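Asks:
Protein chains: 2
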Amino acid sequence: MATTIKDIARKAGVSISTVSLVLNRRGYVADETRERILSIIEEMDYKPLHSARKLATQKTGNIGYILWEGHFSEVEMFYSQVFLGMEYAARKNDYYILLTTVNDHFDPRQDLPRFLQYNDVDGVALAGRVPLDLIHYLDKHAIPFVLVDYEVPGKNYNTIKIDNYNGAFRAVESLIEQGRKYISFVGGTFIHPSIKERYRGYKDALEKHGLLNNSYLETYSYCEDVETSRAIGEKGIKKLLKSRPEIDGVFCCNDTTALGVLSGIQSMGKTIPGDVAVIGFDDIPPAEFSSPKLSTVSVPKLDIGKEAYKLLYERIHNPNIMPQTRTISVDLVIRESSQTKNKP
Amino acid sequence: MATTIKDIARKAGVSISTVSLVLNRRGYVADETRERILSIIEEMDYKPLHSARKLATQKTGNIGYILWEGHFSEVEMFYSQVFLGMEYAARKNDYYILLTTVNDHFDPRQDLPRFLQYNDVDGVALAGRVPLDLIHYLDKHAIPFVLVDYEVPGKNYNTIKIDNYNGAFRAVESLIEQGRKYISFVGGTFIHPSIKERYRGYKDALEKHGLLNNSYLETYSYCEDVETSRAIGEKGIKKLLKSRPEIDGVFCCNDTTALGVLSGIQSMGKTIPGDVAVIGFDDIPPAEFSSPKLSTVSVPKLDIGKEAYKLLYERIHNPNIMPQTRTISVDLVIRESSQTKNKP
DNA sequence: CTGAAAGCGCTTACAG
DNA sequence: CTGAAAGCGCTTACAG
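Sequence lines, in order, name chains A and B. In this text, residue positions in the first sequence follow this note's numbering: the first is 1482, and each later residue adds one. In this text, residue positions in the second sequence follow this note's numbering: the first is 1482, and each later residue adds one.
(1) DSSP three-state call for K1824(B): helix, strand or coil?
(2) Using C-beta distances below 6 Å, list every residue in its chain close to L1628(A), excluding the 5 sequence neighbours before and after it, in chain order.
(3) For the segment 1583 to 1622 of chain B, which segments carrying the beta strand (DSSP E) assignment without a break, of at least 3 residues, lie completely within its bounds, in sequence order?
(4) My parser needs the alpha helix (DSSP H) runs of 4 or more residues fully inside the segment 1527 to 1563 of chain A; what are they?
(5) Work out the CA separation of D1614(A) and D1588(A) for me, nearest whole Å.
(6) Pull up the CB-CB distance for I1672(B) and R1610(B), whole angstroms please, since I reckon it's below 8 Å.
(7) Between E1550(A), F1559(A), G1604(A), which has its C-alpha nearest T1582(A)'s C-alpha?
(8) When you compare the CB positions of L1775(A) and L1813(A), do they come within less than 9 Å of one another, or not?
(9) Within this structure, are the beta carbons of N1735(A) and G1682(A) separated by less than 9 Å?
(10) Taking 8 Å as the limit between beta carbons, can you name the residues of its chain near P1766(B), skipping five residues before and five after?
(11) Suppose you measure from the CA of D1575(B) to the CA of G1542(B); what does that come to, to the nearest Å?
(12) Going straight from the alpha carbon of K1824(A) to that of M1749(A), what length do you get?
(13) Report back the beta-carbon spacing between F1829(B) and C1733(B) to the nearest angstrom; my notes put them in contact at under 8 Å.
(14) Confirm, please, whether the CB-CB distance from Y1697(A) to L1721(A) is below 9 Å.
(15) Inspect the beta-carbon positions of T1797(B) and D1512(B) and report whether they are closer than 9 Å.
(16) In angstroms with no decimal places, state the Cα-to-Cα distance between D1488(A) and I1624(A).
(17) In this structure, what does DSSP give as the bridge partners for D1763(A)?
(18) In this structure, how does DSSP classify V1814(A) when only helix, strand and coil are distinguished?
(19) Which two residues bound the contiguous beta strand (DSSP E) that contains R1679(B)?
(20) Give a yes or no on whether the minimum CB-CB distance between R1572(A) and chain B is below 9 Å.
(21) Buried or exposed for Y1577(B), please, with buried defined as at least 16 other CB atoms from any protein chain shown within 10 angstroms of its CB.
(22) Pick from V1707(A), S1772(A), E1705(A): whose alpha carbon is nearest that of E1817(A)?
(23) With K1642(A) as the anchor, note down where its beta strand (DSSP E) starts and where it stops.
(24) Given that a residue counts as buried once 16 or more other Cβ atoms are within 10 Å of its Cβ, and exposed if not, what is A1483(A)?
(25) Pull out every residue of the segment 1765 to 1776 of chain B whose Cβ sits closer than 8 Å to any Cβ of chain A, in chain order.
(26) Of all the options N1584(A), L1692(A), D1585(A), which has the alpha carbon lying nearest to the alpha carbon of G1730(A)?
(27) Per DSSP, what kind of secondary structure is T1808(A) in: helix, strand or coil?
(28) Between which two residues does the alpha helix (DSSP H) harbouring G1741(A) extend?
(29) Residues of chain A with a CB under 7 Å from the CB of R1711(B): which are they?
(30) Using the beta-carbon of each residue, which ones in chain A are nearer than 7 Å to Q1591(B)?
(31) Could you please give the first and the last residue of the uninterrupted alpha helix (DSSP H) stretch that includes L1502(B)?
(32) What first and last residue would you give for the alpha helix (DSSP H) that runs through L1722(B)?
(33) Report the option in L1656(A), A1712(A), E1658(A), I1643(A) whose CA atom is closest to the CA atom of R1807(A).
(34) Please go through the same chain and pick out, in chain order, the residues whose beta-carbon is closer than 7 Å to the beta-carbon of V1510(A), but skip the five residues on each side of it.
(35) If you measure from the beta carbon of T1485(A) to each beta carbon in chain B, is any gap under 9 Å?
(36) Name, going along the chain, the residues of the segment 1511 to 1529 of chain A whose beta-carbon falls closer than 7 Å to a beta-carbon of chain B.
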């Protein structure tokens, strides 16, 4: 019923091989023949059937996108945007992105995403923190994959990184330039390498400006070894503010935390940015709608997705290239929550 | 390299036809033979290759999920959750859900999602408001589809609806029972049928309790003919409150709007729920983290996804069934923003 | 209850 | 530059 390569061949008076050749832009076909075939394809609105092509080429045409379930279900819009970036990029090559989630108690024998079980993807993007066993599985089975915003210490995998260090450094420096002296860090678990890097940027900026005396870090940081949330932000800053009312700036490990910090500060009767300035990281959509609007380090999520796709694509079509890391740069966006101290 | 049906057949000493029969649980196969084949399949960890199976059966094994781009990029977590529900359900039948977006200026000749161009899906779920031309395309090409949280007046398509009317009715009734007398409606465009229904529920609840005098609706409602956002919520309630300071309750067309309403009320120096109570609709994640925590009508997003999948699945495997509408019921969740008036 | 054979719609050496 | 043929890994009538 749907038109097939045979219909095209018949109508063009050539063999299906020839049609296939022009379809795949390979081999030599007389210009005149090619034109004729092309116009017939156009005219009959012929589209090659994917499953047939896949069977013949032994490629799947699919790329998997695996996300820890918590990241998808929660307020976290971050990785959905990254996904969207991949989807955009994949359109050009007619790849499909299959999105699925894994959860914490991951057992490769039980919980393997079905597209992995059925060998139904040519490669996989892993978004954020994912189970190590999953990474090992991919590694062992030589399935091309790329880590997005995550890394495994001591291992050299294909990865897309965010420039966490410099983003954090610049954010904290801007607080210092505004005249802030007592700058807190509020964050979640350091299992996530991004958070660790942001903390490092925070520390180094303080050091560069000579603020980092003996017990600064212990005094002004609040980190809890759990996933980030508004809740820990709110809790953290309240605790800090109670013992250290002189705090006049906060750099948060991400926007989710920062949103909690905002409420925390306000609930203690302090003004933002009058009394204390706040900067987050990520630039998730709610950051624009908070009150005051959140200053943050903006991460180009769509670009990350695109880059992840590109790297994966190259890797799939050239399995011999060495694993590489690409770093995506970020931008400091000053909104309302971190204006200069003297003009609130 | 990967093990195929031939390997299994050889090892079991049968033909590939027989293996195929047990794989598909059809036809008669001697129990003893079946057992043997099954255990060999297990042992060799054999998985049939999807593309081969698809070629043979002329099915794609894919379902499309189409979302208006705005809904995906914005704060809107709603339809991502619905997607997740579909994905969960699809795992059981080894269907893949292909998620893509369309945008506003949709031209079926240009902007058709690639899985539609290539006939690569057995059916499609349309989430929320989508271009009419897209619906017409699917209808014309007899591609099974289901509308999720959307409907086309005068047309009888497969659809999953939210019980918007009753949810709204109950929410408003709860405000009335708390002693609220001047209850506003703040909302966005009525192009979205859900919002229209919620408004109807609001109106009927007022009427039932005899509150609906002549100009109540004109006086206390604020609706703007745009997509909902925090911004319109904030703007709307401020405007209403300025002319009508007696307002003591607000029912919002959704949580996004309600979040803006919360800020609006607070920025005018009024307390929630002391001075005015607020109820939203949807129960998106941020509703739990606002201050005060938002009372809302909770919509089971994962269930909606599951139900959409089921309906689509049935429709695909039995094209003759009549289009049907399934309504998902909702739950009123009272949190902090709508406590009783006398005990704030 | 089971096997031989045709077919699904492509691609890709291999001849010519 | 082009065609005939084999093959990708399955399913499905059809015999037996």
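C-beta: ideal position from N, C-alpha, C; glycine also. This structure is a prediction, so every number in the text was calculated from the model and none was measured.
Replies: By the coordinates alone:
(1) Legend: pLDDT at K1824(B) = 44, less than 50; position of this residue unreliable, value from coordinates given subsequently. Shown here, K1824(B) sits in coil according to DSSP, grouped into three states, outside any helix or strand.
(2) So the list reads L1607, Y1638, T1640, once near-sequence residues are dropped.
(3) With a minimum length of 3 residues, the continuous beta strand (DSSP E) runs that stay inside the segment 1583 to 1622 of chain B are 1604 to 1608.
(4) Taken in chain order, the whole alpha helix (DSSP H) runs of length 4 or more contained in the segment 1527 to 1563 of chain A are 1531 to 1538, 1550 to 1554.
(5) Each residue's Cα considered, the two are about 7 Å apart.
(6) Between I1672(B) and R1610(B) the beta-carbon gap is near 7 Å, inside 8 Å, which marks them as a contact.
(7) Relative to the Cα of T1582(A), the nearest Cα in the group E1550(A), F1559(A), G1604(A) belongs to E1550(A).
(8) Contact: no.
(9) Cβ distance not < 9 Å, so N1735(A) and G1682(A) don't count as in contact.
(10) M1558, listed in sequence order.
(11) Cα atoms of D1575(B) and G1542(B): separation of roughly 7 Å, rounded to the nearest angstrom.
(12) Residue placement at K1824(A) cannot be trusted, given a pLDDT of 44 that sits under 50; the coordinates are not used to answer.
(13) The question about residue 1829(B) has no answer here: the residues shown for chain B are numbered 1482 through 1825.
(14) The answer is no: Cβ separation not under 9 Å.
(15) At residue 1797(B) the sequence reads Ile, which differs from the Thr that was named. Contact check for I1797(B) against D1512(B) fails: the beta carbons are separated by 9 Å or more.
(16) When the Cα atoms are used, D1488(A) and I1624(A) turn out to be separated by approximately 37 Å.
(17) In DSSP, D1763(A) forms a bridge with S1779(A).
(18) In the structure shown, V1814(A) sits in a strand (DSSP, three-state: E or B).
(19) Run containing R1679(B): none in the beta strand (DSSP E); it sits in the alpha helix (DSSP H), 1674 to 1689.
(20) Put simply, the CB of R1572(A) is near chain B, with a gap under 9 Å to one of its CB atoms.
(21) Its Cβ being crowded by 16 or more others within 10 Å, Y1577(B) is buried.
(22) E1817(A) has its Cα closest to that of S1772(A), out of V1707(A), S1772(A), E1705(A).
(23) Unbroken beta strand (DSSP E) run through K1642(A): 1640 to 1643.
(24) With fewer than 16 Cβ atoms within 10 Å of its Cβ, A1483(A) is classed as exposed.
(25) From the segment 1765 to 1776 of chain B, only P1766, P1767, F1770, S1772 have a Cβ closer than 8 Å to chain A.
(26) Nearest to G1730(A) by alpha-carbon distance, out of N1584(A), L1692(A), D1585(A), is L1692(A).
(27) The answer is strand: DSSP assigns T1808(A) an E or B state.
(28) Unbroken alpha helix (DSSP H) run through G1741(A): 1736 to 1748.
(29) Chain A residues near R1711(B): F1770.
(30) Chain A residues near Q1591(B): none, gap ~12 Å exceeds 7 Å.
(31) Under the DSSP assignment, L1502(B) falls in the alpha helix (DSSP H) whose first and last residues are 1497 to 1504.
(32) First-last of the alpha helix (DSSP H) with L1722(B): 1711 to 1724.
(33) Ranking the options by Cα distance to R1807(A), first place goes to I1643(A).
(34) If we look at V1510(A) and ignore the five residues flanking it on each side, its Cβ neighbours are T1499, L1502, V1503.
(35) Closer than 9 Å: no.
(36) Within the segment 1511 to 1529 of chain A, the qualifying residues are K1528.
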